[in-house]
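Numbering (the numbering used here), first residue to last: 32 to 255.
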């Protein structure tokens with residue numbers, strides 16, 4: 032089955048945009064599950080509450096399932112810290128990239144090679160899911176934070192906590208290997224070029240923040 036990264040990026044935006052990225056990533060993760068994609072893990076680049084970007088690794092036809100979601104997303108919310116004249120529309124980008132064998136990257140990162148376990152923060156959490164007998168009711172899901180890189184991975188694939196930790200470390204190793212490969216092949220600027228491609232006109236979806244601080248779709252532009 033094919034795999035893909037669903038990337039939600041703040042571009043070069045300020046903290047308001049990065050907070051929007053965190054909220055939008057939660058919505059995109061739920062949407063992936065609703066549309067039949069298997070969410071393998073989630074990688075956060077930066078602060079979990081205000082990340083520069085979030086990448087969701089999924090299995091299945093990501094491009095087909097997320098048709099109409101790829102592009103610019105806008106949040107209508109006036110900043111409380113920037114005065115009356117502050118702009119109230121914040122923009123984030125959603126993109127889909129091939130991953131793993133489909134991308135031809137990370138093949139040498141198996142087993143978590145190159146990751147110093149002393150640089151990891153590991154905590155247990157309950158797995159989320161659709162309910163019923165398939166929900167993991169124990170604390171076997173894990174959250175692993177690689178401090179030097181700021182990468183955070185959540186994994187709940189396996190019933191064993193040890194297996195989930197091992198898989199999370201492997202994912203971190205893959206992401207670190209991808210970072211190194213990109214720096215060598217393209218340079219740091221090219222690696223983050225996707226962040227600069229956010230088009231601020233004609234967003235595919237516009238949101239407002241609801242009463243429970245969750246994103247609510249205010250309007251959607253029909254896909255051309």
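Each residue gets a CB set at the ideal place from its N, CA and C atoms; glycine is no exception.
- Here DSSP, grouped into helix, strand and coil, assigns residue 73 to strand.
- Of the residues 122, 84, 95 and 85, the one whose Cα lies closest to the Cα of residue 66 is 95.
- In this structure, residue 99 and residue 235 form a Cβ contact; the two beta carbons are roughly 6 Å apart against a cut-off of 8 Å.
- For residue 52 and residue 193, the gap between their C-alpha atoms comes out near 30 Å.
- If you ignore the 5 residues before and after residue 58, its C-beta comes within less than 6 Å of the C-beta of 246, all in its own chain and listed in chain order.
- Excluding the 5 residues flanking it on each side, residue 60 has same chain C-beta neighbours closer than 7 Å at 70, 73 and 87, in chain order.
- Taking every protein chain shown into account, the CB of residue 205 has 16 or more other CB atoms within 10 angstroms, so this residue is buried.
- In this chain, the beta strand (DSSP E) harbouring residue 124 covers 120-129.
- Put simply, the backbone Cα of residue 174 is about 29 Å away from that of residue 105.
- For residue 146, same chain residues with a beta-carbon under 6 Å away, outside a window of 5 residues either side, are 200, 203 and 204 in chain order.
- Of the residues 191, 182 and 91, the one whose Cα lies closest to the Cα of residue 64 is 91.
- If you check the CB distance, residue 62 and residue 39 do not come in under 8 Å.
- For the pair residue 121 and residue 171, the Cα-to-Cα distance works out to about 37 Å.
- Nearest Cα to residue 68 within the set 83, 151, 32 and 182: 32.
- Apart from the 5 residues on each side of it in sequence, residue 179 sits with its Cβ closer than 7 Å to the Cβ of 150 in its chain, given in chain order.
- Per DSSP, the beta bridge partners of residue 86 are 38 and 74.
- The alpha-carbon separation between residue 198 and residue 211 amounts to approximately 20 Å.
- Excluding sequence positions up to five before and after residue 119, its CB lies within less than 8 Å of the CB of 107, 108, 109 and 110, all in the same chain and listed in chain order.
- Spatial neighbours of residue 93 in its own chain (CB-CB distance under 7 Å, excluding positions within 5 residues in sequence) are listed in chain order as 35, 37, 68 and 127.
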